[in-house]
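Chain order of the listed sequences is P and X. Going by the numbering used here, the first sequence opens with residue 29, and the numbers climb by one from there. Going by the numbering used here, the second sequence opens with residue 24, and the numbers climb by one from there. The structure appears below as structure tokens.
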Amino acid sequence: MSMEHQMSPEVTFHHAPDEGNVKKIWRTFWVLLAITVVELAIGYLMYALDLPDGFRKLALKGTVTILSLAKAYYIVSIFMHLGSEVRNLIMTIVVPLMLFIWFIIAFVYDGHSYKTLRNNYDPHFKESTMPTEHGTKPAPAEFKAGEAGGKE
Amino acid sequence: MSTATVQTKWWSGGKSPFNVEYGKLMMWYFLMSDAFTFGAFLISYGSIRFSQNYWPNPNHVFDSAPGIHGGAPLLFVSIMTFILIMSSVTMVLAVHEGHHGNRIGVIKYLFWTIIGGLAFLGCQAWEWHHLITGEHAVLVNGKVELWGQNMRHNPWGAIVEGVNYNGHHVTTPGPVAFGGYFFGITGFHGFHVFSGVIINIIMLIMAWNGTFDRKGHYLMIEKAGLYWHFVDLVWVFVFLCFYLI
Numbered sequence: 029m030s031m032e033h034q035m036s037p038e039v040t041f042h043h044a045p046d047e048g049n050v051k052k053i054w055r056t057f058w059v060l061l062a063i064t065v066v067e068l069a070i071g072y073l074m075y076a077l078d079l080p081d082g083f084r085k086l087a088l089k090g091t092v093t094i095l096s097l098a099k100a101y102y103i104v105s106i107f108m109h110l111g112s113e114v115r116n117l118i119m120t121i122v123v124p125l126m127l128f129i130w131f132i133i134a135f136v137y138d139g140h141s142y143k144t145l146r147n148n149y150d151p152h153f154k155e156s157t158m159p160t161e162h163g164t165k166p167a168p169a170e171f172k173a174g175e176a177g178g179k180e
Numbered sequence: 024m025s026t027a028t029v030q031t032k033w034w035s036g037g038k039s040p041f042n043v044e045y046g047k048l049m050m051w052y053f054l055m056s057d058a059f060t061f062g063a064f065l066i067s068y069g070s071i072r073f074s075q076n077y078w079p080n081p082n083h084v085f086d087s088a089p090g091i092h093g094g095a096p097l098l099f100v101s102i103m104t105f106i107l108i109m110s111s112v113t114m115v116l117a118v119h120e121g122h123h124g125n126r127i128g129v130i131k132y133l134f135w136t137i138i139g140g141l142a143f144l145g146c147q148a149w150e151w152h153h154l155i156t157g158e159h160a161v162l163v164n165g166k167v168e169l170w171g172q173n174m175r176h177n178p179w180g181a182i183v184e185g186v187n188y189n190g191h192h193v194t195t196p197g198p199v200a201f202g203g204y205f206f207g208i209t210g211f212h213g214f215h216v217f218s219g220v221i222i223n224i225i226m227l228i229m230a231w232n233g234t235f236d237r238k239g240h241y242l243m244i245e246k247a248g249l250y251w252h253f254v255d256l257v258w259v260f261v262f263l264c265f266y267l268i
């Protein structure tokens, strides 16, 4: 049944009939839960495999990122009901958010560039922070295991 | 909306061109600006993370739950995520009951949403407490110090090979920025959860008192609902950026 609310004498708006039926809500819940379980499975996979930095690790991280975007889509579209709003309203929300594409690429690239520069021109930074092959670092030369003392 | 949209002249005056109430539209624009705030925080975190040669593995940082000391990565945060998704569902159900003018239904589902929000905040309090008060052996200037995770110290550096302290690994100090970003961003999110709980409590009291019945509609619940779902939405990305990747 369509309801019409009189908010002010001039402006009226229609409600979509039977919006957000309960079945759709629960279906969205199961979708969100399923995606989260898959994300967790990939998280455990990354933990269990302990992959070195490289394409496979990046592929798994990329997969969970895409799955998160899917979750965001379901929350915004179904739970927040944006998918059923007037197209112009959707556009005033979604188009400004496109800024994020530039925002993410520019700043992540900037961080990466800073790292590259420091590794090239600051040997101390490179030596003191670069992990070795197994993600571990040898103890400083002057330190011997026997000297380890607890905090007083 | 399909046929109505085609036949209605939205821009000829007398109607809301976006077919929503003013307050709801403004809530959308507030949430969009809030998305940029959270986005800026998370992107700043990403920028710093990409500028480091070493970053702690979240599976080693977040590997405990109440009663479980280490070795359980992702367990506790998955419980927190489930709580927040569940509370999002009860919030939509409250909005749905509001559409049908069912006061008791609105009250029931708002109640469960508030419980979910409080449970999430409780989990976060435990997690922060666990991180801050933890004691991890860190090699500092040739001596082992016991560090928790806070804004000044990060005990999650690389493992020092061949050194043990009371049977535990000894690490070098990790990147200090980790704590500031973690506590800053999860704290800002937690503040949103907290304010969402307060808003929902106010909605519950108003529904209880019959305010919405007197107004003839439950549109206020929809606006509170938008805010609450946004909190869930942000958590999707906090979960992704801090715990998964």
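No residue lacks a Cβ here, since even glycine has one placed at the ideal position from N, Cα and C.
By the 16-neighbour rule on beta-carbons within 10 angstroms, residue 56(X) is exposed. Proximity of the segment 216-236 of chain X to the segment 187-203 of chain X falls short of the contact definition, fewer than three beta-carbon pairs being nearer than 8 Å. Interface annotation for the segment 100-124 of chain P against chain X: 100, 103, 104, 107, 108, 112, 113, 114, 116, 117, 121 and 124, criterion Cβ-Cβ distance under 7 Å. Interface with chain P (7 Å Cβ-Cβ cutoff): residue 178(X) is excluded. Contact annotation for residue 55(X) against chain P: 121, 124 and 125 [CB-CB distance below 8 Å, chain order]. In this structure, DSSP gives residue 75(P) a helical state, which the three-state scheme calls helix.
Taking 7 Å as the Cβ-Cβ cut-off, the segment 53-71 of chain P approaches chain X at 53, 57, 60, 61, 64, 67, 68 and 71, given in chain order. About 31 Å separates the CB atoms of residue 260(X) and residue 156(P); that is not less than 8 Å, and the two are not in contact. Closer than 7 Å to the CB of residue 259(X) there is at least one CB belonging to chain P. When Cβ-Cβ separations below 7 Å define contact, residue 138(P) makes contact with chain X. Burial of residue 104(X) is indicated by the presence of at least 16 other C-beta atoms within 10 angstroms of its C-beta.
Remark: fewer than three beta-carbon pairs, one from each stretch, lie closer than 8 Å, so the segment 33-44 of chain X and the segment 102-119 of chain X are not flagged as touching. Exclusion of the five residues before and after residue 82(X) leaves 96 and 97 as the residues of its chain whose Cβ lies within less than 8 Å of its Cβ.
Segment contact: the segment 247-254 of chain X against the segment 113-122 of chain X, three or more CB-CB distances shorter than 8 Å; contact assigned.
For the C-beta of residue 159(P), the chain X residues within less than 7 Å are, from N- to C-terminus, 76, 77 and 181. A residue is called buried when at least 16 other Cβ atoms come within 10 angstroms of its Cβ; residue 45(X) does not meet this threshold and is exposed. In its chain, beyond the 5 residues on either side, 52 and 56 have a beta carbon closer than 7 Å to the beta carbon of residue 106(P). Using beta-carbon distances, residue 75(P) counts as an interface residue toward chain X, with a partner under 7 Å. For residue 91(P), none of the residues of chain X pass the 7 Å Cβ criterion, the least Cβ distance being about 10 Å.
Of the candidates 169(X), 53(X), 165(X) and 49(X), the residue whose Cα lies closest to the Cα of residue 155(X) is 169(X). In the same chain as residue 110(P), and ignoring 5 residues on each side of it, the C-beta atoms closer than 7 Å to its own belong to 104, 118 and 121, in chain order. Annotation for residue 238(X): no beta strand (DSSP E) segment contains it, though the alpha helix (DSSP H) segment containing it runs 234-238.
Annotation note: the segment 92-130 of chain X contains no uninterrupted beta strand (DSSP E) run of length 3 or greater. Residue-level contact check: residue 142(P) touches chain X, since one or more beta carbons of chain X fall below 7 Å from its beta carbon.
The beta carbon of residue 107(X) lies closer than 6 Å to those of 143, 255 and 258 in the same chain, with the five residues before and after it left out. For residue 171(X) and residue 151(X), the gap between their C-alpha atoms comes out near 11 Å. Scanning chain X for C-beta atoms nearer than 7 Å to the C-beta of residue 94(P) yields nothing, as the closest lies near 10 Å away.
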